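Below is one structure, written out as structure tokens, with a few remarks after it.
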Amino acid sequence: MEKPTLIINGKRLDGRDPGTMRQIKISINPIKNASGSAYIEWGNNKIVSAVYGPREALPRHTQDLNKAVIKCRYTMAPFSSLEEHGRPGMNRRAIEISKVTKEVFENVVLTDLFPGTEINIFIEVLQSDGGTRAAGITCASVALAASGIPMRDMPFAVSVGKAENTLILDMDKTEDNYSTADMPIAINPRTKEINLLQMDGELTSEEIHRGIEMVIKAGEIITKTQKDALLEHYQKIEERI
Amino acid sequence: MRKIVLPGDIIAEKPLRLDHTIVENGKTCSTVIGMYDDEKNSFIPMEGLWYPVPGEKIVGIVEEAKLNTDVIGLNAPYKGLIISKFSETSVVNGDIIEAVVKELDKTGTVILSRPRVLFGGKVIAIKPSKVPRLLGKQDTMIRQITEKTKASISVGMNGLIWIKGGDSDIATKAIMRIQDESHIPGLTERIAQMLETPSKE
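From first to last, the protein sequence lines are chains C and R.
So the first sequence is numbered by the numbering used here: it starts at 4 and just counts up by one.
So the second sequence is numbered by the numbering used here: it starts at 715 and just counts up by one.
Dropping the structure here:
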């Protein structure tokens, strides 16, 4: 396929402005067996995340007697996208994303309260349309909050990229494939600490700074969606009475 | 004013000494979902795990009865341990027991004392953060349930509850309702009403 023109007359392929995000919808505790879980619809991305634990870390050689260990598993369902991902389970890409996601939450969860235990975070992509690692982190942080595991902050993530010499926020599948650069960022909203920053392609240092500012600004919307979803979950019980 | 706070929310601009919070840069932030009352300066977690405190009563299930020690499952990230040298009660695998937390090991083991075997009945699990609400002020709530349903109930602070005899089904329903609705005012009246209704039928 030839490279499509990604921005025409200041509008992107799906009609968004360069600085606009896709619609986000989050619901809490779809999985009853888990300690906490969340389901996110981020544009066409559909992701379920579940958190189990803290529980005894097995096999025992993975235990750390000073803190809890976080184990993360990101997988894409075989039916999640049009190409690739034909075989279920972990592949090279899934192992990498699991590792970076694990490191995001190691910085946020108060692991020293539960020595010798493990916290399992599962992220399952049911339908993918670009930016699943960012959506997965956003979803998992809501699942962790719903499970009652103490955390310093509720991180969010979103990607920023560059196409046709313009910085664009929250790239979808086509933009991801044909853009000049792609940079997913995870941030703690309260302290503005960066937990994850990966980059493919080329950006100037001035563009990186501008990109991070765009992400922090977009984070206000994502954080509000996350918090509204959690608050709504408790208000629903109130309305039922 | 009571309000729901979420992890990372700043609850006060000054350092406060409260459970389930951390102080960063001189500000107090919550670490779990909970209710914060700024007038009474109290923080009640809505979701959360059990943090053992010496002297608390627990309910557990014997997982491994050995010669010197018995390992107790507590439905928590910690394992319970009874040292046989200090207790006269002998237990077998699968027994439901009630005991008191004696001390906490650094490696995440809870050493228990004064075990008592609970015969028969069933065990249900609720969120450990809801146990104080289930007990009520000076145990009023749980006493109300035991009096109305005539069931024997033993509540462990770890979230396991043993129920036997009486209208144990109604007691279970009431306990589950307390778990779901604990953050909404007027709970005691609703539970009282719920326990009254079936007896009329």
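C-beta: ideal position from N, C-alpha, C; glycine also.
Quick caveat, the model's predicted, so the values are computed rather than measured.
What residues from chain R crowd round residue i, counting only those whose CB sits closer than 9 Å?
i                 : result
Leu-61 (chain C)  : Per Cβ cutoff of 9 Å: no residues; Leu-61 (chain C) is ~13 Å from chain R at best.
Glu-241 (chain C) : Glu-895, His-897 and Ile-898
Pro-81 (chain C)  : Chain R residues near Pro-81 (chain C): none, gap ~33 Å exceeds 9 Å.
Thr-120 (chain C) : Pro-791, Tyr-792 and Gly-822
Phe-117 (chain C) : Leu-763, Pro-791, Tyr-792 and Gly-822
Given that residue i touches chain R, what residues does it touch there, using C-beta distances under 7 Å?
i                 : result
Arg-247 (chain C) : No information on residue 247 (chain C) is available, as it lies outside the stretch 4 to 244 that chain C covers here.
Lys-230 (chain C) : Leu-720
Leu-68 (chain C)  : Thr-821
Ser-150 (chain C) : Glu-761
Leu-113 (chain C) : Thr-745
What residue range is occupied by the uninterrupted alpha helix (DSSP H) comprising residue i?
i                 : result
Asn-755 (chain R) : No alpha helix (DSSP H) holds Asn-755 (chain R); DSSP gives it neither H nor E.
Val-112 (chain C) : Run containing Val-112 (chain C): none; DSSP gives neither H nor E here.
Ile-140 (chain C) : 135-150
Gln-130 (chain C) : No alpha helix (DSSP H) contains Gln-130 (chain C), which is instead part of the beta strand (DSSP E) from 120-130.
Glu-241 (chain C) : 208-243
Report the residue from the options whose alpha carbon sits nearest the alpha carbon of residue i.
i                 : options                                       : result
Arg-76 (chain C)  : C:Cys-142, C:Trp-45, C:Ile-190 and C:Lys-102  : C:Lys-102
Val-737 (chain R) : C:Ala-232, C:Arg-193 and C:Tyr-237            : C:Arg-193
Val-837 (chain R) : R:Ile-867, R:Trp-876 and R:Gly-822            : R:Trp-876
Lys-35 (chain C)  : C:Glu-210, C:Ala-149 and C:Asp-67             : C:Ala-149
Ile-211 (chain C) : C:Gly-222, C:Pro-187, C:Lys-227 and C:Arg-243 : C:Pro-187
Lys-28 (chain C)  : C:Ile-43, C:Asp-20 and C:Gly-22               : C:Ile-43
Thr-803 (chain R) : R:Pro-791, R:Leu-781, R:Thr-821 and R:Thr-886 : R:Leu-781
Asp-883 (chain R) : R:Ile-811, R:Ala-906 and R:Ile-859            : R:Ile-859
Arg-63 (chain C)  : C:Leu-113, C:Val-51 and C:Thr-120             : C:Thr-120
Leu-901 (chain R) : R:Ser-744, R:Val-785 and R:Ile-856            : R:Ile-856
Lys-165 (chain C) : C:Asp-175, C:Val-54 and C:Ala-184             : C:Ala-184
Ala-41 (chain C)  : C:Gln-238, C:Thr-228, C:Glu-241 and C:Ile-240 : C:Thr-228
Leu-848 (chain R) : R:Arg-828, R:Leu-832, R:Gly-870 and R:Met-715 : R:Gly-870
Met-174 (chain C) : C:Lys-49, C:Glu-167 and C:Val-163             : C:Val-163
Thr-854 (chain R) : R:Ile-905, R:Gln-893 and R:Gly-808            : R:Ile-905
Note down, in chain order, every chain R residue with its Cβ under 8 Å from the Cβ of residue i.
i                 : result
Leu-247 (chain C) : Examination of residue 247 (chain C) is not possible in this model, given that chain C is present from 4 through 244 alone.
Met-157 (chain C) : Leu-720, Pro-721 and Gly-722
Grab the span of the beta strand (DSSP E) containing residue i for me, first residue to last.
i                 : result
Tyr-55 (chain C)  : 48-59
Val-72 (chain C)  : 72-79
Ile-796 (chain R) : 793-797
Glu-44 (chain C)  : 39-45
Checklist line | Contact set between the stretch 825-843 of chain R and chain C, restricted to residues whose Cβ is under 7 Å from the partner | finding: Within the stretch 825-843 of chain R, contact with chain C at the beta-carbon level (separation under 7 Å) is assigned to Ser-843.
Notebook entry, point to check: Given a limit of 8 Å on CB to CB distance, which residues of the stretch 724-751 of chain R reach chain C?
Noted result: Under the 8 Å Cβ criterion, the stretch 724-751 of chain R contributes Ile-724, His-734, Ile-736, Glu-738, Cys-743, Thr-745, Val-746 and Ile-747.
Check: Taking Cβ-Cβ distances below 9 Å as the criterion, which residues of the stretch 758-774 of chain R are in contact with chain C?
Finding: If you check each beta-carbon in the stretch 758-774 of chain R against every beta-carbon of chain C, the ones closer than 9 Å belong to Pro-759, Met-760, Glu-761, Gly-762, Leu-763 and Tyr-765.
Item checked: Residues, ordered as in the chain, of the stretch 879-899 of chain R that lie near chain C by beta-carbon distance below 7 Å -> Correct list: Asp-894, Glu-895, His-897 and Ile-898.
Check: Between the stretch 154-174 of chain C and the stretch 767-782 of chain R, are three or more C-beta pairs nearer than 8 Å?
Finding: No: fewer than three Cβ pairs fall under 8 Å.
Item checked: Contact between the stretch 202-219 of chain C and the stretch 227-241 of chain C (3+ Cβ pairs under 8 Å) -> No contact exists between the stretch 202-219 of chain C and the stretch 227-241 of chain C.
Next item on the list: Could you please tell me which residues of the stretch 10-36 of chain C, in chain order, have their CB closer than 7 Å to any CB of chain R?
Entry: Of all residues in the stretch 10-36 of chain C, none comes within less than 7 Å of chain R when Cβ atoms are compared.
Margin query: I'd like to know if the stretch 131-141 of chain C and the stretch 98-112 of chain C are in contact, where contact means that at least 3 CB-CB pairs between them fall below 8 Å.
Written below: With a cut-off of 8 Å, the stretch 98-112 of chain C and the stretch 131-141 of chain C count as touching, because enough Cβ pairs lie within range.
Margin query: I'd like to know if the stretch 814-822 of chain R and the stretch 830-846 of chain R are in contact, where contact means that at least 3 CB-CB pairs between them fall below 8 Å.
Written below: No: the two stretches stay apart, fewer than three of their Cβ pairs being nearer than 8 Å.
Check: So, do the stretch 124-132 of chain C and the stretch 47-67 of chain C have three or more beta carbon pairs nearer to each other than 8 Å?
Finding: Result yes; three or more Cβ-Cβ pairs closer than 8 Å.
Margin query: Please list, in chain order, the residues of the stretch 181-201 of chain C that have any C-beta partner in chain R closer than 8 Å.
Written below: Those residues of the stretch 181-201 of chain C that come within reach of chain R (Cβ to Cβ, closer than 8 Å) are Asn-191, Pro-192, Arg-193 and Thr-194.
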